[in-house]
Each structure stands twice: as C-alpha cells, then as structure tokens.
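Quick notes on the structure that follows.
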Amino acid sequence: MAVSSVSSVVGTASPALRRLFWALWILAAIIGGIGFIERLLHGDQATDFSSYIPWGLWVAGYIYFSGLSAGAFLLAAAIYVFKIRVLEPISRLALLLAAVTLPIGLLLIGFDLGHLERAILVIIRPQFHSMMAWMVWLYTTYLILVAAMLWLSYRSDQPGRGPEAATRDRARLRVLAIIGFPLAIGFAGGVGALFATLAAREFWHSSLFPIFFLVGALTSGTALVTAVFAWQWPRRDAAWKDIMTIMGRTVLVLVLVDFMLELAEFMTPSWYQIGSFYELTRYVLFGPYWYVFWIVHLLLGVIVPIVLLAKNRSPIITGVAAGLVAITFFAVRLNLVIPGLVTPELRGLERAYSDPIGNRLTFAYFPTWFEWQVLLGALAFGVALWYVLIRLFPQVFSSPAQSSEVGQ
C-alpha cells in the first residue's frame, strides 16, 4: 500500500507530462545551482541591492515560504487539537508541506544574509533582546517539532502496532500540536514584528504588522494545502469531495478577511491623501510595479479565486482557485518588502551624495537575473525535498481509516 500510494501520486500525470516536469526540474536545478555557486564565490555583487535598498526578492521569498509553512502547520495543529475528524486525511499532508516550505525560506534568507557559518553564534552567544535571535530559536524548535509529529504519525501506522499504541501516539500528536500552536503563531507573527520594530521605516512601523503576517500565513498556507490535496490526492472519492468543499469555503473566508485588512490599511491614509504613508501607498498602487498589485495580486489572487470559490462546487476548480491564492500571495510579500525601502528616510537624501560606483546610492530596485536564479534554485531544492519526504512518509497520502493497510 505504501508503494502504491506514492506511485499513484507521482504517476497521476501522463508519461509525457512527467518527463516534461522532470526536464524542467533539472533545468531549474542547473540554473539555480549556478546561482548558488555565484553567490558563494562572489557574494551579492550581481544583485540590484544598494546602500539604501539592502533587501529584495530573497527576503520577500523568505517571508512567503515561512508563511506557507506556518499556515500549513496551523491547519494541521487545529485538526489535531480540536479533533476535526472530517479533515484528518489532510493533517499529514499539511505537516509535510510545513516541513518542506520552511527550509526553502531559510535557504533564501541565508543567502541574503551571507556567512551561514555564523548562524551557530545565535546558539552559543545569544542576544536575548534580538528579535532575529528569537526567530532562529523558534525556527529550530518548530522544525524539531514538525519532524517529531511526522515520525509519530509514521510510527502509528507501522505493522504490528496495536490499537492501544496507536491511541497513545495520537494523544502525543495532540500534545505536540498544542505546543506547536504558539510556536507557529510566534514565528508567523514574529516576522511581522521584526519588520514593525524598524521605526525608521514608516511603511512597516505598525502594531498591526504581526496580525497581517499571521492572517497572510493562514491564508496562503491553507490555500497551498487545498491545492495540493486537490491535485495530488490519489483517491477521488466522496470523502475527497467533502473535504474539498470545506477547504474551499475556508480559503474563501480567509481570502476575504486578508483582503479586508489590506483594504483598511490602504484606505486609511488614502482618505485624506497626506503623509508619507500615503505616498508609499500610491507607490504600491500606481508606481512602476502597479501590475504586481492590480493584476497579480488583486485580479489573479483575490477576484478570480473569490468568483471561482463562491460560484463553483467542483473540487478541481476549487483546487485551481486555491492554487492561484497560494502562488500569487508572493506578490503580497513583494509589496510588503520593496515599498518600505524605496522612500528616503530624509527628504533630499537621494541627491545628497554622489555615486562614483554607480547604482549603489539609488532608491530604485528590480530583481536581477542572478536573484531569480537563486530563487529558482531554492524552488528546485524544495521539489527535491518534497520528493524525498513523500517516500519517507508515504502515509501522507492515506487517510487514518487506511492506516492499518499502509506498509503491507
């Protein structure tokens, strides 16, 4: 059953599509590998970073993938803690997606920061007032917790384990889920707090930022789990359709809540049209990258999914809508990072100094090919990690009712 479960997941597409997928993955791995080597040998010289804009595509990718992980884990934890039996088949899938997406984000932020060997200093010489140090400790504890939950889930399905042992394992899973709830909320909201503590950046300096990040994580993570469940679950039975109906409604509500928060954040400064925050809002809505908000985020990530989820009950259409939400949420993260850096903290700062090197004292930013290379490599790494983990934990694609069959 274990082998057949994995085979059915990997083999749902035609042989031609599978060959195309693996060809694209190999191409992405090669391009991304070249980017990794370039980053290790020459640092960030090929990026479009400047003295005024030290963050870019990689930081946006980091908060995007860490948000996916937190949202997926919170969904799994809610299923275990509140014993939502009807959604139990997706709990393992959500855990596995949480385990895959966070390392992608950590890889991106590691390349952005550089000197990865210094990460150990956070453990051996901690600074307890540092928000970033707390994030590292939270991530470490969180990954250990997710690994333990996956292992317990795997062990409870092993042949020869009696009902009492399986019951104990499920009880331990629930305890770990209860512990993991504040951890996931802490690092999802903690990333927002990390931005909010930068008082010199008015666009980020808001007590609501942790809430934005937490709701965004729930929205994107739940949408990702829904999309993967729609497209990769091997059994298209009545239970699958019922779960897709519930998840579709959940994603719809989360998208509406997230968009209402975003609308309130933009409309408040726009009403009186004064202040620097209004100028930053105008940059997001009508600046050089207006299409990121209006087309990628609002049209493809909000309007189209809402229409599809509100008027259609097809599981496949629900999966398409959820996939759009999950993918286009990257635009939301870009619109959080870049606008906060493009406005000078002091009026006239952009003209105060000459730039003998060129492009190092500028407030303009657009990701270079090198930055996209590294992002592509991180995605290829995530696909490889997913491929390995679904073979280590084939029970991800079996419901609890079939647990006794797994491994036989």
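The numbering used here puts the first residue of the sequence shown at 13, with every later residue one more than the last.
Don't be surprised by glycine CBs; every beta carbon is placed ideally from N, CA and C.
Q: With DSSP as the reference, label PRO406 as helix, strand or coil.
A: Residue state, collapsed to three classes: helix.
Q) When we look at the beta-carbon of THR59 and count the other beta-carbons within 10 Å, is it buried (16 or more) or exposed? A) THR59 is buried by the Cβ-count criterion.
Q) Closest by CA to LEU230, which one among LEU404, PHE77, ALA205? A) For LEU230, the closest of LEU404, PHE77, ALA205 by C-alpha to C-alpha distance is PHE77.
Q. Given GLY331, which residues of its chain have a CB within under 6 Å of its CB, disregarding the five upstream and five downstream residues?
A. Cβ neighbours of GLY331 beyond the five flanking positions: ALA239, ALA242, TRP243.
(Q) Measuring CB atoms only, is the stretch 72–86 touching the stretch 220–237, in the sense that at least three cross pairs come out at less than 8 Å? (A) Enough Cβ pairs lie closer than 8 Å, so yes.
Q) If you draw a straight line from the C-alpha of ASP254 to the C-alpha of PHE289, how long is it? A) Whole-angstrom Cα-Cα distance: 44 Å.
Q) How would you call ASP169, buried or exposed, if buried means at least 16 neighbouring beta carbons within 10 angstroms? A) ASP169 should be labelled buried.
Q) Helix, strand or coil: how does DSSP classify TRP216 here? A) Under the three-state reduction of DSSP output, TRP216 falls in the coil class, being neither helix nor strand.
Q.
Quick check on the burial criterion: 16 or more other C-beta atoms within 10 angstroms. Buried or exposed for PRO66?
A. Label assigned to PRO66: exposed.
Q | Cβ distance (whole Å) where ILE258 is taken to contact VAL98 below 8 Å | A | The beta-carbon distance between ILE258 and VAL98, rounded to whole angstroms, is 7 Å. This is short enough to meet the 8 Å contact definition.
(Q) Just to confirm, is the Cβ distance from VAL267 to PRO351 under 7 Å? (A) Taking 7 Å as the Cβ cut-off, VAL267 and PRO351 do not qualify as a contacting pair.
Q: Kindly indicate the opening and closing residues of the alpha helix (DSSP H) around GLU50.
A: Start and end: 27–54.
Q: Classify ALA28 as buried or exposed, calling it buried when 16 or more other Cβ atoms lie within 10 Å of its own Cβ.
A: With fewer than 16 Cβ atoms within 10 Å of its Cβ, ALA28 is classed as exposed.
Q) Out of ILE190, HIS217, ARG213, ARG167, which has the shortest C-alpha to C-alpha gap to TYR64? A) From the listed residues ILE190, HIS217, ARG213, ARG167, the smallest Cα separation to TYR64 is found for ARG213.
(Q) Distance check for ARG359 and VAL263, CA to CA, integer angstroms please. (A) As the crow flies, the alpha-carbon of VAL263 is around 42 Å from that of ARG359.
Q: Just list the alpha helix (DSSP H) runs in the stretch 285–329, keeping only unbroken ones of 4 residues or longer that don't cross its boundaries, in chain order.
A: Taking 4 residues as the shortest admissible run, the stretch 285–329 contains the following complete alpha helix (DSSP H) segments, listed from N- to C-terminal end: 288–298, 316–323.
Q: Round the Cβ separation of ILE191 and LEU157 to the nearest angstrom and send it over; I've been treating them as touching at under 8 Å.
A: Going by Cβ atoms, the distance from ILE191 to LEU157 rounds to 7 Å, so yes, they are a contact pair.
Q: Reducing DSSP to helix, strand and coil, say where THR262 ends up.
A: THR262 falls in the helix class under three-state DSSP.
Q: Apply the 10 Å Cβ neighbour rule to HIS309 and answer buried if 16 or more other Cβ atoms are within range, or exposed otherwise.
A: With 16 or more other Cβ atoms within 10 Å, it is buried.
Q) Nearest to ALA333 by CA position, among TYR399, PHE342, LEU320, is which residue? A) Among TYR399, PHE342, LEU320, the Cα nearest to that of ALA333 is on LEU320.
Q. For the alpha helix (DSSP H) that THR113 lies in, which residues bound it at each end?
A. For THR113, the enclosing alpha helix (DSSP H) begins and ends at 103–125.
(Q) Distance check for LEU273 and ILE315, CA to CA, integer angstroms please. (A) Near 15 Å, if we compare the C-alpha coordinates of LEU273 and ILE315.
Q: Write down the C-beta distance between THR355 and GLU277 rounded to the nearest angstrom, noting that I regard them as a contact closer than 8 Å.
A: The pair is not a contact, with the Cβ atoms about 16 Å apart (cut-off 8 Å).
Q | Distance CB(ILE43)-CB(GLN385) smaller than 7 Å | A | In contact: ILE43 and GLN385 (Cβ atoms closer than 7 Å).
Q. Could you give the distance in angstroms between the alpha-carbon of ASP270 and the alpha-carbon of ILE136?
A. Spanning the two alpha carbons is a distance of roughly 39 Å.
(Q) So, under 8 Å CB-CB, GLY389 and GLY45 are touching, yes? Tell me the CB distance rounded to an integer number of Å. (A) The Cβ separation is near 6 Å, so the contact holds.
(Q) Taking the straight line between their C-alpha atoms, what separation do you get for PHE382 and GLN57? (A) Spanning the alpha carbons of PHE382 and GLN57 requires a straight line of approximately 10 Å.
Q. Beta carbon of SER218, beta carbon of ALA205: below 7 Å?
A. SER218 places its beta carbon 7 Å or farther from that of ALA205.
**Q.** Residue span of the alpha helix (DSSP H) that contains TRP146, given as start and end
**A.** Start and end: 143–167.
Q | SER415 to LEU164 span [Cα, whole Å] | A | Its pLDDT being 46, under 50, SER415 is placed unreliably by the model, and nothing is read from it.
Q: Look at the alpha carbon of ALA178 and the alpha carbon of ALA338, and state the distance between them as a whole number of angstroms.
A: Rounded to whole angstroms, the gap between the alpha carbons of ALA178 and ALA338 is 34 Å.
**Q.** Rounded Cβ spacing between TRP216 and PRO327 (contact assumed at less than 8 Å)
**A.** That pair is no contact at about 39 Å.
(Q) Among SER232, THR280, VAL408, LEU397, whose alpha-carbon lies nearest the alpha-carbon of PHE342? (A) Of the listed residues, the one whose Cα sits closest to PHE342 is SER232.
Q) Using a Cβ-Cβ cut-off of 8 Å (strictly less than) and excluding sequence neighbours within five positions of THR153, which residues of its own chain qualify? A) Counting only Cβ-Cβ distances below 8 Å, and skipping sequence neighbours, we find LEU195.
Q: Using three-state DSSP, classify TYR76 as helix, strand or coil.
A: The answer is helix: DSSP assigns TYR76 an H, G or I state.
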